[in-house]
Amino acid sequence: MPADIHDLRGERSADLTGAALERVRNVRPGAAVTLLLPANAALLMASLNLQLRENLIWDVVEADGAWRVTVRHRGDAAPADVLALLAADHKRIDGLLARVLSLLNRGDAAAAVPLLREFAGALKRHVGFEDGELAMRLGASRAAADEPPAVMLREHGEIAQQLALVEEVLATEPVDGSELAVYCAILSGTLAKHEYREENNLFPLWRVALMRRAADERAELLEKAAAVLHGRDASAATAL
Ligand SMILES: [Fe+2]
Ligand SMILES: [Fe+2]
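Under our numbering, residue 241 is the last one in the sequence shown; the count climbs by one each step, no gaps.
So, in structure tokens, the structure goes:
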């Protein structure tokens, strides 16, 4: 049996989750792991996915009383639309900032600084795309002050202010790592709340607006977002 296929049909049911978790824990983008399981895998896979920060995607095929589950990293899934891409970008941005904070907390400002610059660039491109392209096309300017699009614009203002403080410290020589850690921690908390509100309050509204657009326009928006978020379209990145 190839190394990436794991037959777990003989595992005791009490051990099955742990055994499956061990096999899929290190699935990386571009790789796939196949599990052979004795029963319907839906609950088991949902539980593994939660334990691994929702980083898994999988498909299930039933054959001859066995369930064959092919597990991949979420990064391998093509985003369904521009909003799924933005939600994935939230995770990428959070991941960068988490690495920065961990380096700063270890006192390694020299290693944190280039990552922090990468984070700042990614965050500006992300916010610029939401403020510009999406707010213009899917509606934000006409929203009442307590409606999700207006909340988004207001929170982007707070994020810009907090990022400006981070960049002020970044511009000093030598960089004060502990001051940077304080500002980054504040920004991390603000971002987490902001992203949660976007994904749960705003994106569902925008998804309805998006579905009213022609398929061509949706595809064009997705392609443009991918280029902007990854810095391949410098003209569309709006400075905060
Ligand atoms: Fe945002
Ligand atoms: Fe966002």
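Heads up, the beta-carbon is just placed ideally off N, CA and C, and yes, glycines get one too.
* Please indicate yes or no: does the CB of residue 153 lie closer than 7 Å to some heavy atom of ligand 1? => Within the cutoff, so yes.
* To do: Report yes if the C-beta distance between residue 225 and residue 134 is below 8 Å; otherwise report no.
  => Yes. Within cutoff.
* Asked: For residue 16, does the count of other Cβ atoms within 10 angstroms reach 16, so buried, or fall short, so exposed?
  -> Answer is exposed; the Cβ neighbour count stays below 16.
* **Boundaries of the beta strand (DSSP E) in which residue 63 is found, first to last residue** => Element bounds for residue 63: 57-64.
* Tell me whether residue 95 sits in a helix, a strand or coil according to DSSP, three-state version. => In the three-state reduction of the DSSP assignment, residue 95 falls in the helix class.
* To do: Using only the heavy atoms of ligand 2, determine whether one of them is closer than 7 Å to the beta carbon of residue 127.
  => It does: the Cβ of residue 127 is within 7 Å (strictly closer) of some heavy atom of ligand 2.
* Kindly list the residues whose CB is nearer than 7 Å to the CB of residue 71, restricted to its own chain and excluding five residues on each side of it in sequence; keep chain order. => Same-chain partners within the cutoff: 33, 35, 59 and 60.
* Asked: Are there 16 or more other CB atoms within 10 angstroms of the CB of residue 209, so buried, or fewer, so exposed?
  -> Classification for residue 209: exposed.
* Looking only at its own chain, which residues have a Cβ that is under 8 Å from the Cβ of residue 198, when we skip the five neighbours before and after it? -> Here residue 198 has 149, 152, 153 and 156 as same chain residues with Cβ atoms under 8 Å from its own Cβ, once five neighbours each way along the sequence are excluded.
* **Where residue 8 falls: helix, strand or coil (DSSP)** => The answer is strand: DSSP assigns residue 8 an E or B state.
* In whole angstroms, what is the alpha-carbon distance linking residue 228 and residue 7? -> Their backbone Cα atoms lie some 38 Å apart in a straight line.
* **Beta-carbon separation (whole angstroms), residue 230 vs residue 90, contact threshold 8 Å** => Confirmed, Cβ separation roughly 5 Å.
* **Beta-carbon gap between residue 51 and residue 22 smaller than 8 Å** => In this structure, residue 22 does not lie closer than 8 Å to residue 51 by Cβ.
* Asked: Residue range of the beta strand (DSSP E) that residue 38 falls in?
  -> Here the beta strand (DSSP E) through residue 38 covers 33-38.
* To do: Assign residue 160 to one of two classes, buried (16 or more other C-beta atoms within 10 Å of its C-beta) or exposed (fewer than that).
  => In the assembly as shown, residue 160 is a buried residue. Its beta-carbon has 16 or more other beta-carbons within 10 Å.
* Please work out which residues of its chain come closer than 7 Å, Cβ to Cβ, to residue 124, disregarding the five sequence neighbours upstream and downstream, and give them in chain order. => For residue 124, the CB contacts under 7 Å within the same chain, skipping 5 residues up- and downstream, are 94 and 164 in chain order.
* Closest Cα partner of residue 219 within the set 28, 146 and 82 -> Cα-wise, what sits closest to residue 219 is 82.
* Asked: Can you tell me whether residue 213 is buried or exposed, with buried defined as 16 or more other CB within 10 angstroms of its CB?
  -> Under this definition residue 213 is an exposed residue.
* Closer than 7 Å: is that where the CB of residue 195 sits relative to any heavy atom of ligand 1? -> Yes, the Cβ of residue 195 comes within 7 Å of a heavy atom of ligand 1.
* To do: Less than 8 Å between the CB atoms is what I'm expecting for residue 13 and residue 67, so what's the real figure, rounded?
  => The beta-carbon distance between residue 13 and residue 67, rounded to whole angstroms, is 17 Å. This is too long to meet the 8 Å contact definition.
* Asked: Among residues of its own chain, excluding the 5 on either side of residue 126, which ones have a beta-carbon nearer than 7 Å to its beta-carbon?
  -> In the same chain as residue 126, and ignoring 5 residues on each side of it, the C-beta atoms closer than 7 Å to its own belong to 229, 230, 232 and 238, in chain order.
* **Coarse secondary structure for residue 128, derived from DSSP in three states** => Reduced to three states, the DSSP call for residue 128 is helix.
* Determine the contact status of residue 84 and residue 211, defining contact as a CB-CB distance below 8 Å. => Contact flag set, yes.
* Those residues which DSSP pairs with residue 73 across a bridge -> Answer is 33 and 58.
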